[in-house]
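Protein chains in written order, with the working numbering: chain A, 78 to 263; chain B, 82 to 281. Input: a single structure, listed below in C-alpha cells.
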C-alpha cells in the first residue's frame with residue numbers, strides 16, 4: 078500500500094511541476110505535511126545534495142523518500158513514477174512538435190504558468206528560511222529578539238553578495254557553508 | 082539491441098556528469114550529443130530545452146526522452162530516460178543510507194545547518210534569475226502575488242488550495258489573459274491561410 082501511495086504522490090509531482098528542478102519543491106512540501114515521509118529539514122538538505130551531486134532535486138527526493146519508506150524497491154518505483162508523466166507528455170509532444178511550439182493557447186498557458194511556478198518556488202524558499210534563518214520556537218514563545226538568528230542571516234547576506242560577484246559553481250558555496258557551519262557550530 | 086544499449090549507456094554517462102540541472106546541462110549535452118555523436122543539432126537541442134522548460138517534469142529528463150525518441154522511437158526514449166536516472170538514483174541511495182546513520186552526528190548537523198543557509202540563498206538566486214522571463218508585465222506580477230499568497234499562507238485560509246490546482250488555475254488564467262492576443266493572431270492566420278493554403 079505504501080508503495081502505491083509513493084508512486085501516486087510522485088507521479089502527481091512529476092505531472093504538475095512545470096519549469097523543472099525547483100518547481101517540484103511546493104509538491105514536496107505538501108507531501109511532507111501530508112505523509113510525514115520526510116521533514117522540511119530533509120527537503121532543505123536534499124536541495125543541497127542535489128546541487129552538489131548529479132541529478133535534479135525531484136529525482137533525488139523521490140529516490141530518498143522511496144528508500145526511507147520502502148527500501149530499494151521503493152526508491153526505484155518512486156523515481157520511475159516521477160519520470161513517467163514527463164516521458165508520456167514528451168512522447169506526445171514529439172509527435173506534434175511544430176504545432177505545439179507555435180500554438181497561441183500553449184503560449185497563453187505558459188504566460189500564466191511561469192509566474193505561478195516562481196511564486197511557489199519563492200514560498201519554498203521561505204520554508205527553507207524558516208528552518209535555516211529564524212527560530213520559530215522562540216517566536217511561538219513570544220520572544221521576538223530570539224526569533225532572528227543573527228549569524229545565519231549575516232552569512233546569507235555575505236553568500237548572496239559572493240554569489241553575485243563570483244561566478245563559482247554552487248557546489249563550492251555549499252562546501253564552504255558546510256565548513257562555516259562546523260566551525261561556528263551553527 | 083546494440084543501439085539501445087548505446088543510448089542507455091550514453092545517457093547514463095550524461096546523468097552522472099550533469100550537476101545542478103537545468104541550463105547547466107546544456108554545454109555538456111552539446112559536447113556529448115552533437116560534437117561527439119552527431120545525434121542531434123545544437124538548434125534542436127535548444128528547442129528541446131525550451132519545451133522541457135515549459136512541460137511537466139525535469140528538464141534534463143524531458144531532453145533525454147526527446148533525443149531517445151528521435152533515435153529509436155518509444156523504446157529508445159525509455160532507454161534514454163532510464164539511463165539518465167541510473168546515476169542519480171544510485172548516488173542518492175548511497176547518500177540516503179549514509180544520512181540515516183550519520184544525521185545525528187553533531188558534526189554532520191552543524192555542516193547541514195550551514196548548508197541550509199546556502200540553500201536559502203541559492204533559491205533566492207534562482208527566483209531572481211527566472212524573474213525576468215516569467216514576470217513579464219503587471220498582469221503577470223499580479224498573478225505571481227496571488228499564487229504566492231494562496232500558496233504561502235494557505236494554512237491561514239479556510240481551505241488550503243493544493244499546488245496542483247494552483248498550477249491548473251494559473252494555466253487557465255494565462256490563456257484567459259492572452260485571449261485578446263490569441264484572437265488577433267487567429268484573425269491574421271485567417272487572412273494568411275488563403276495565400277498559404279495547406280502550408281500551416
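Where is the CB? At the ideal position from N, CA and C, for every residue including glycine.
Extent of the continuous alpha helix (DSSP H) run through residue i
{"i": "residue 243/A", "result": "Taken as a continuous stretch (DSSP letters only), residue 243/A belongs to no alpha helix (DSSP H), as it is neither H nor E."}
{"i": "residue 103/A", "result": "102-112"}
{"i": "residue 88/A", "result": "79-93"}
{"i": "residue 127/A", "result": "117-129"}
{"i": "residue 233/B", "result": "219-233"}
{"i": "residue 91/B", "result": "83-98"}
Proximity test, Cβ basis, 8 Å: residue i and chain B
{"i": "residue 211/A", "result": "no"}
{"i": "residue 198/A", "result": "yes"}
{"i": "residue 107/A", "result": "yes"}
{"i": "residue 244/A", "result": "no"}
{"i": "residue 263/A", "result": "yes"}
{"i": "residue 215/A", "result": "no"}
{"i": "residue 227/A", "result": "no"}
{"i": "residue 83/A", "result": "no"}
{"i": "residue 202/A", "result": "yes"}
{"i": "residue 154/A", "result": "no"}
Reduced DSSP category for residue i - H, G, I as helix; E, B as strand; rest coil
{"i": "residue 224/A", "result": "helix"}
{"i": "residue 198/B", "result": "helix"}
{"i": "residue 301/B", "result": "No information on residue 301/B is available, as it lies outside the stretch 82 to 281 that chain B covers here."}
{"i": "residue 164/A", "result": "helix"}
{"i": "residue 211/A", "result": "strand"}
{"i": "residue 363/B", "result": "Given that chain B is displayed from residue 82 to residue 281, the structure contains no residue 363/B and the question cannot be resolved."}
{"i": "residue 243/B", "result": "coil"}
Short Cβ contact (8 Å threshold) for residue i with residue j
{"i": "residue 40/B", "j": "residue 153/B", "result": "With chain B covering only 82 through 281, there is no way to say anything about residue 40/B."}
{"i": "residue 197/B", "j": "residue 205/A", "result": "yes"}
{"i": "residue 157/B", "j": "residue 149/B", "result": "yes"}
{"i": "residue 216/B", "j": "residue 103/A", "result": "no"}
{"i": "residue 86/A", "j": "residue 112/A", "result": "yes"}
{"i": "residue 201/A", "j": "residue 141/A", "result": "no"}
{"i": "residue 196/A", "j": "residue 232/B", "result": "yes"}
{"i": "residue 189/B", "j": "residue 121/A", "result": "no"}
{"i": "residue 188/A", "j": "residue 259/B", "result": "yes"}
{"i": "residue 230/A", "j": "residue 210/A", "result": "yes"}
{"i": "residue 163/A", "j": "residue 163/B", "result": "no"}
Closer than 8 Å to chain A by CB, residue i
{"i": "residue 262/B", "result": "yes"}
{"i": "residue 278/B", "result": "For residue 278/B, the pLDDT reaches just 38, beneath the cut-off of 50, and the residue's location in the model is therefore unreliable, leaving the point undetermined."}
Flag this pair as touching only if the segment 154-161 of chain A and the segment 200-219 of chain B have three or more C-beta atom pairs under 8 Å; answer yes or no. With a cut-off of 8 Å, the segment 200-219 of chain B and the segment 154-161 of chain A do not count as touching, because too few Cβ pairs lie within range.
Would you call the segment 237-244 of chain A and the segment 226-240 of chain B in contact, with 3 or more CB pairs under 8 Å? Contact fails: fewer than three Cβ-Cβ distances are below 8 Å.
Quick check: the segment 245-256 of chain A against the segment 124-138 of chain A, are there 3 or more CB pairs under 8 Å? Enough Cβ pairs lie closer than 8 Å, so yes.
Is it a yes or a no for the segment 135-148 of chain B touching the segment 255-262 of chain A, going by three-plus beta-carbon pairs under 8 Å? No: fewer than three Cβ pairs fall under 8 Å.
Decide yes or no for the touch test of the segment 125-135 of chain B against the segment 144-154 of chain A: beta carbon pairs closer than 8 Å, at least 3 of them. Short answer: they don't touch.
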